[in-house]
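Q: Residue numbers (our numbering), protein chains in the order written: chain A, 1 to 430; chain B, 1 to 174.
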Amino acid sequence: MEVELKELLNDVEQLKNSSSDPNHLPLILKLEERIENLTNLAKSANSRRNKVKDMSAEVVDSNPYSRLMALQRMGIVENYERIRGFSVAIVGIGGVGSVAAEMLTRCGIGRLLLYDYDTVELANMNRLFFRPEQCGMTKTDAAVQTLSDINPDVILESYTLNITTMQGFETFVESLNNQKYRQTKNGTGVDLVLSCVDNYEARMVVNQACNELNQTWMESGVSEDAVSGHIQMLIPGETACFACAPPLVVASGVDERTLKREGVCAASLPTTMGVIAGLLVQNTLKYLLNFGQVSPYLGYNSLKDFFPTMAMKPNPQCSNSPCLERQKEYMLTKPERDAAAKAKMEAEALLVVESPVHAENEWNISVVDDDDEMEKKDPAHINSDALPAGLVRELPSADDFQTLPVPAEETSSPIDDLEELRRQLDALNA
Amino acid sequence: MEGWDPNTKSALTKIPLLTTKAGPRDGAAWTARLKEEYKSLIAYTGMNKSNDNDWFRISAANPEGTRWVGKCWYVHNLLKYEFDLQFDIPVTYPSTAPELELPQLDGKTHKMYRGGKICLTVHFKPLWAKNCPRFGIAHALCLGLAPWLAAEIPILVDSGMIKHKDDASSSGES
């Protein structure tokens, strides 16, 4: 385009020199001016910045990371540049996933893996990120197009597949396990998986993969009526997995028709989706860069602006077998964790120099020992979770690993042959 | 189960229940499960035929039994409307139900997800979850697809979204 404009300018120049009619001169000058403007526009449209080798904290307009590196000066993050070493996988590049991907890209994350099988449609335009001219592209390709323009430093991998199918699942697990870029401490190639999918089946698949790989992940969701949502952190074995608690309709037996109106397509708002994406990425940054408190669960009710938080222990009777294995592993490392926590407490106690808080005691106030209280505060008793007399726990305590009674093996082994059954069905189908 | 018609209820009670909780990644256990799937499908198909209520054909499209293809049909105003039927067994099966697809109806009704996956969320998914692992493919067809066809096909025909094949060809000739 720039070459064409230059040629055009030359042609106009020739016209100016050859034309004898002085009446044409103002028009030709105006034409030249317009071509110059166009050339400048074309130049700015093509200006994609070069890759940056090191994140600099220098405060200049041309530094894309100056405001992020300032987090160190403000004492929030110890070493922001660590973010370039992290890999994050985002499953589902929809209303939440695409915005989360953009936030992480702008934060300068090292590598993003994007998974979706869908294409961009006009019906997605009430949400953020995708543009109308991207309609028809796969969501992953459209995302890579935009994200690589925003920040060329981020390594982007796009996977257009359905993770709930056998083949899709294999590719999904393989890509999470790929350690070419970096090896993480749990033995996979990514530091965190973000689930931004819109259905139960896909969440169960992410749960399955992460339980098998012992991979920490965060789940996110926006309600069908678009006015509430949640994020949840799942550490296999340590916190409840997605299958640990059955969905409300299954657990309570309520008629789902009372929860959901029939035949209405799901509503969505760019606001709620943006809030949830923001909460999700904020929790991600806190987890990766080690600042603040990482929320195990954070809900968002936009109608009342209510943000509940809670933590969930894993279910010792979870139906997902890798979850039970992770729970067992976690239980077995309890002594190590306790020792580490104790060492940390002692180290912190050493740092606090014991000195009287008040040098004077004008009113002779003294603290009186209370033996009963002392016993309760004894560290050995804090974790015992003793119940008052007369109360019994219905479920086993999750602090010790319990082996479940193995159901009696079915003795009637399937004697018939699979091929024979297939033939029988084919005969019926004929 | 309140709200279901007596025919569906009586058919359901006669479809053999399954016992093995295994998905396509569970090796020998999946083979055992697959055998149970076949047995319940054979029983259900045979029962439909003997009751003169034959309404689908389904068979495994690969040796692992993870992809299934076939046909299903629905009679409305004495005309038979037939559709391709396909689905994959999800990796988390049987914790999650198969997503039944009618690709020819994709985009014709909003009670459907991308790719022609029929909406099972309200009438079927809770039932499936409560009866895991006892329900199988035959139950998904009986309690998931059959009521969907009964509810949607008359509306699609009456609104002109789908045409009978004789109708479509004759209007094409004229």
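All residues carry an ideal CB built from backbone N, CA and C; glycine is no exception. What you are looking at is a predicted structure, and each value in this text was computed from that prediction instead of being measured.
1. Assuming residue 300 of chain A and residue 358 of chain A form a contact by the criterion Cβ under 8 Å, report the distance between their Cβ atoms to the nearest whole angstrom.
2. Quick one: does residue 91 of chain B have its CB under 8 Å from some CB of chain A?
3. By Cβ distance, which residues of its chain are closer than 6 Å to residue 267 of chain A, with the 5 residues on each side in sequence left out?
4. Taking all protein chains shown into account, decide if residue 419 of chain A is buried (16 or more other Cβ within 10 angstroms of its Cβ) or exposed.
5. Applying a beta-carbon distance threshold of less than 8 Å, which residues of chain B neighbour residue 200 of chain A?
6. Count the CB pairs spanning the region 24–33 of chain A and the region 62–77 of chain A that are closer than 8 Å, and state whether there are at least three.
7. Could you run through the region 35–68 of chain B and flag, in chain order, every residue whose CB is less than 8 Å away from some CB of chain A?
8. Name, please, each residue of chain B whose Cβ falls closer than 7 Å to the Cβ of residue 416 of chain A.
9. Counting only beta-carbon separations shorter than 8 Å, does residue 31 of chain B have a partner in chain A?
10. Threshold first: 3 residues or longer. Then list the beta strand (DSSP E) segments lying entirely within the region 170–217 of chain A, N to C.
11. Could you compute how far the alpha carbon of residue 12 of chain A sits from the alpha carbon of residue 28 of chain A?
12. Note down the Cα distance separating residue 61 of chain A from residue 292 of chain A, rounded to an integer number of angstroms.
13. For chain B, find out if any of its Cβ atoms is closer than 8 Å to the Cβ of residue 122 of chain A; answer yes or no.
14. Does the beta carbon of residue 262 of chain A sit closer than 8 Å to a beta carbon anywhere in chain B?
15. Assuming residue 237 of chain A and residue 329 of chain A make a contact with CB atoms under 8 Å, what is their CB distance in whole Å?
16. Does residue 215 of chain A come within less than 8 Å of chain B when only Cβ atoms are used?
17. Going by C-alpha distance, which of A:424, A:65, A:343 is nearest residue 104 of chain A?
18. Tell me, please, whether the CB atom of residue 425 of chain A is closer than 8 Å to any CB atom in chain B?
19. In chain C, which residues lie with their C-beta within 9 Å of the C-beta of residue 205 of chain A?
20. Which same chain residues, not among the five before or five after residue 79 of chain A, have their C-beta less than 6 Å away from its C-beta?
21. With H, G and I counted as helix, E and B as strand and the rest as coil, what does DSSP make of residue 18 of chain A?
22. Can you give me the Cβ contacts of residue 211 of chain A inside the same chain, cut-off strictly under 7 Å, excluding the 5 residues immediately before and after it?
23. DSSP state of residue 300 of chain A, grouped into three classes?
24. Count the other CB atoms, across all protein chains shown, that sit within 10 Å of the CB of residue 2 of chain A; report buried if there are 16 or more and exposed otherwise.
25. Among the residues of its own chain, which have a CB less than 7 Å from the CB of residue 198 of chain A, if the five just before and after it don't count?
26. Could you compute how far the alpha carbon of residue 177 of chain A sits from the alpha carbon of residue 215 of chain A?
27. Between residue 114 of chain B and chain A, is any beta-carbon pair separated by less than 8 Å?
28. So does the region 38–45 of chain B actually touch the region 138–158 of chain B, counting three or more Cβ pairs closer than 8 Å?
29. With burial defined as no fewer than 16 other Cβ atoms inside 10 Å of the residue's Cβ, what is the status of residue 144 of chain B: buried or exposed?
30. In angstroms, rounded to a whole number, what distance separates the CA positions of residue 260 of chain A and residue 122 of chain B?
31. With a threshold of 8 Å between beta carbons, is residue 40 of chain A in contact with chain B?
32. Since residue 166 of chain A meets chain B, which of its residues come closer than 8 Å, beta carbon to beta carbon?
A: This is what the structure gives:
1. Actually they do not touch by this definition, with Cβ atoms about 45 Å apart.
2. Among the CB atoms of chain A, one or more fall inside 8 Å of the CB of residue 91 of chain B.
3. So the list reads 225, 226, once near-sequence residues are dropped.
4. Its Cβ having fewer than 16 others within 10 Å, residue 419 of chain A is exposed.
5. 96, 125, listed in chain order.
6. They do not touch, by the three-pair rule.
7. Answer set for the region 35–68 of chain B: 35, 36, 38, 39, 41, 42, 45, 46, 49, 57, 58, 59, 60, 64, 66.
8. Correct list: 35.
9. Residue 31 of chain B counts as touching chain A.
10. DSSP runs (the beta strand (DSSP E)) wholly in the region 170–217 of chain A: 192–195.
11. Roughly 7 Å separates the two Cα atoms.
12. The alpha-carbon separation between residue 61 of chain A and residue 292 of chain A amounts to approximately 29 Å.
13. No, residue 122 of chain A does not count as interfacial toward chain B.
14. Its pLDDT being 45, under 50, residue 262 of chain A is placed unreliably by the model, and the measurement read from it follows with that caveat. For residue 262 of chain A, the nearest beta carbon of chain B is closer than 8 Å to its own beta carbon.
15. Indeed they touch by this definition, with Cβ atoms about 6 Å apart.
16. Answer no: the Cβ-Cβ gap between residue 215 of chain A and chain B never drops below 8 Å.
17. The option with the nearest alpha carbon to residue 104 of chain A is A:65.
18. Yes, contact with chain B.
19. Absent here is chain C; the protein component of the structure consists of chains A and B.
20. Apart from sequence neighbours up to five positions away, no residue of its chain approaches residue 79 of chain A with a beta-carbon distance below 6 Å.
21. The three-state secondary structure of residue 18 of chain A, taken from DSSP, is helix.
22. 236, 241, 320, 322, 323, 326.
23. Strand, per DSSP.
24. So residue 2 of chain A counts as exposed.
25. For residue 198 of chain A, where only same-chain residues beyond five positions count, the Cβ hits under 7 Å are 92, 94.
26. Between residue 177 of chain A and residue 215 of chain A, the C-alpha separation is close to 10 Å.
27. When Cβ-Cβ separations below 8 Å define contact, residue 114 of chain B makes contact with chain A.
28. A contact exists between the region 38–45 of chain B and the region 138–158 of chain B.
29. Flag for residue 144 of chain B reads buried.
30. With a pLDDT of 47 at residue 260 of chain A, under the threshold of 50, the modelled position of that residue is not reliable, and the figure given next carries that caveat. Distance between the alpha carbons of residue 260 of chain A and residue 122 of chain B is about 8 Å.
31. For residue 40 of chain A, the nearest beta carbon of chain B is not closer than 8 Å to its own beta carbon.
32. Residues of chain B passing the Cβ test: 24, 25, 64, 66, 88, 89, 91.
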